[in-house]
Each structure stands twice: as structure tokens, then as C-alpha cells.
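Residue numbers are given in the UniProt record's numbering: position 146 of the sequence shown equals residue 146, and the series is strictly consecutive.
Notes to accompany the following structure.
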Amino acid sequence: MGFLLLARAEVSTLEINVNQKKVALPYWAPDMKSKGGVVILFGDPPLYGIQFGKSLAEQLAKRGWSAVVVTADSGTGKDSWIDQVPEALAALRQKNNNRMMVVHYGNKLRVTLDYFSKPQSKKVNGLILISAYDKPEQKDVLDLLKKVNFPMMDVVGQFDYGFVLKQAKERRNQVGWEEKNYQNLSMPGARHQYWYSTPLLVAYLNGWMLKQEAEEPVKPPISLR
């Protein structure tokens with residue numbers, strides 16, 4: 001039992017094609033039958049976010065989720081990192097994941113909301129914001145947030161950066177009271193990097209994601225002979 005608790009989910013790569021270019025994303029396969037797929041978007045510089053990203057993906061995989069990480073600096077040339085999102089979602093769906101989630105951590109929140117507020121965006125079953133913000137602050141974020149038509153969870157650390165807490169409070173005040181699919185959570189004792197709070201955070205995320213309705217697998221057509 002002790003070995004199982006200490007076992008680490010192994011990282012591999014998930015290869016996708018973006019505008020005819022191959023991109024290899026860090027990927028953690030689940031330790032059991034997959035509960036669903038999670039694309040983790042990191043807007044903060046790698047110096048601040050990547051270790052938390054790896055830890056989050058690894059612990060989600062240990063709980064049965066297929067997790068892939070996309071960082072804001074991973075775009076190549078004119079291609080934006082957000083261009084990798086639909087391809088990453090499609091690749092996870094091909095692994096028989098019927099419940100698809102997106103996690104956005106840190107900066108560049110508007111980029112994510114702008115994509116998912118559009119009717120032609122890839123459909124997901126839930127969007128989780130973790131210490132999400134824009135620097136400089138973007139005035140149309142609240143309008144974009146209202147256009148996202150699937151469940152959202154908005155998480156901040158109790159001792160997060162002041163500007164992160166300020167923007168989260170604005171989202172909660174303007175959207176939370178009128179949107180039944182919007183929930184917010186302040187993680188007790190957590191700072192922006194979630195150094196010692198990741199296990200508790202993952203427990204919350206796992207429970208919330210499992211409550212979201214999964215897509216029914218498409219049945220093969222009946223062959224009439």
C-alpha cells in the first residue's frame with residue numbers, strides 16, 4: 001500500500017498537428033480506467049507555473065484523468081498557444097475520453113475565454129479557472145465569461161496575489177450571482193503557486209469534474225444486410 005501511495009504517474013508526450021506542424025505536449029496517462037481528459041493551460045511564465053502544472057497533471061492522472069499541459073510560451077512563430085487547444089482536445093477524445101475538461105492557470109485569461117465564448121469552439125464539459133487573471137486587466141473579460149455556455153469553477157488561493165483576488169472578485173460579483181453554472185472557491189492557506197495545497201486542490205477538482213455530465217459514446221451504425 002505504501003508503494004502505491006508513493007508511485008508517480010509517468011510523463012510521456014502527446015503528439016498533435018497544428019497548422020501542419022507537429023507539436024509534442026507533455027502528457028500523463030491515467031493509472032486506471034480514464035474518467036476523462038483534461039487540458040491544462042498555463043498562462044504564467046514557466047518559471048512560475050510549470051512545476052505546479054506538472055504536479056497538477058501528475059496527481060490528476062493518479063486519480064484517473066488523462067492530462068496534457070499547454071504553456072503560453074509553446075506557440076511557434078505566428079501560431080498561438082491557443083491554437084493547440086482544439087487539437088489537444090481532439091487527441092484526448094481519441095483515447096476514449098467522454099468527459100472533457102479545460103483548466104486555465106494564471107495569466108492570459110482573456111485568450112482562453114475569447115476562444116471558448118465562440119460558437120465554433122470545441123465543446124467541453126467544464127472550465128476551471130485557477131488563479132486566473134489578465135495583466136494588464138482586460139475590460140471585456142466579464143462579457144466573454146457570460147458567453148461561455150458550460151459549467152465553470154473559479155478557484156483562487158487564500159493568500160493569492162492582490163490583483164488576482166481583485167479580478168476574481170469582479171468575476172464573482174458580476175457573473176456568479178446570475179449564473180447557476182458558475183461556482184467559486186477560495187483554497188484555504190494557498191498561495192499563487194499552490195506549493196502545499198495541490199493535493200487538496202486536486203481532491204476538489206476531481207469531485208467537481210466527476211459531477212459534470214459526460215458525453216455519451218457514439219454507437220456504431222447498425223449494418224443492415
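No residue lacks a Cβ here, since even glycine has one placed at the ideal position from N, Cα and C.
The model shown is predicted, which means the values in this text are computed figures rather than measured ones.
Nearest-angstrom Cα separation, counted from residue j out to residue i
| i | j | result |
| --- | --- | --- |
| GLU58 | LEU201 | 13 Å |
| VAL175 | LYS146 | 7 Å |
| ARG110 | VAL141 | 6 Å |
| TYR204 | GLU10 | 23 Å |
| LYS166 | ALA190 | 16 Å |
| ALA72 | ILE40 | 11 Å |
| TYR105 | GLN94 | 25 Å |
| PHE150 | SER121 | 12 Å |
| SER34 | GLY64 | 5 Å |
| THR198 | ILE82 | 25 Å |
| LEU129 | ALA61 | 19 Å |
| TYR115 | PRO30 | 27 Å |
Start-to-end residues for the alpha helix (DSSP H) that takes in residue i
| i | result |
| --- | --- |
| VAL39 | Where VAL39 is concerned, there is no enclosing alpha helix (DSSP H), although the beta strand (DSSP E) it sits in stretches over 36-42. |
| PRO26 | Where PRO26 is concerned, there is no enclosing alpha helix (DSSP H), although the beta strand (DSSP E) it sits in stretches over 21-28. |
| TYR182 | That residue, TYR182, is in no alpha helix (DSSP H); its beta strand (DSSP E) goes 182-187. |
| LYS146 | 141-147 |
Secondary structure of residue i, DSSP reduced to three states
| i | result |
| --- | --- |
| GLY162 | helix |
| GLN212 | coil |
| LYS54 | helix |
| ALA72 | helix |
| ALA88 | helix |
| ASN206 | helix |
| LYS154 | A small correction: the amino acid at residue 154 is Asp; Lys does not occupy that position in the sequence shown. ASP154 falls in the strand class under three-state DSSP. |
| VAL103 | strand |
| ALA168 | helix |
| TRP195 | coil |
| ALA61 | helix |
Residue from the options with nearest C-alpha to residue i
| i | options | result |
| --- | --- | --- |
| TYR161 | ASN149, LYS135, ARG172, ASN173 | LYS135 |
| TRP195 | ILE82, THR71, ILE50 | ILE50 |
| THR112 | TYR133, LYS95, ASN97 | TYR133 |
| LEU185 | VAL156, LEU60, ASN96 | VAL156 |
| LEU210 | ASN98, MET187, ASP154, SER197 | ASN98 |
| ALA24 | ASP44, LYS54, LEU60, VAL68 | VAL68 |
First and last residue of the uninterrupted beta strand (DSSP E) at residue i
| i | result |
| --- | --- |
| GLY126 | 126-130 |
Residues that residue i bridges to, as DSSP identifies them
| i | result |
| --- | --- |
| LEU14 | LEU25 |
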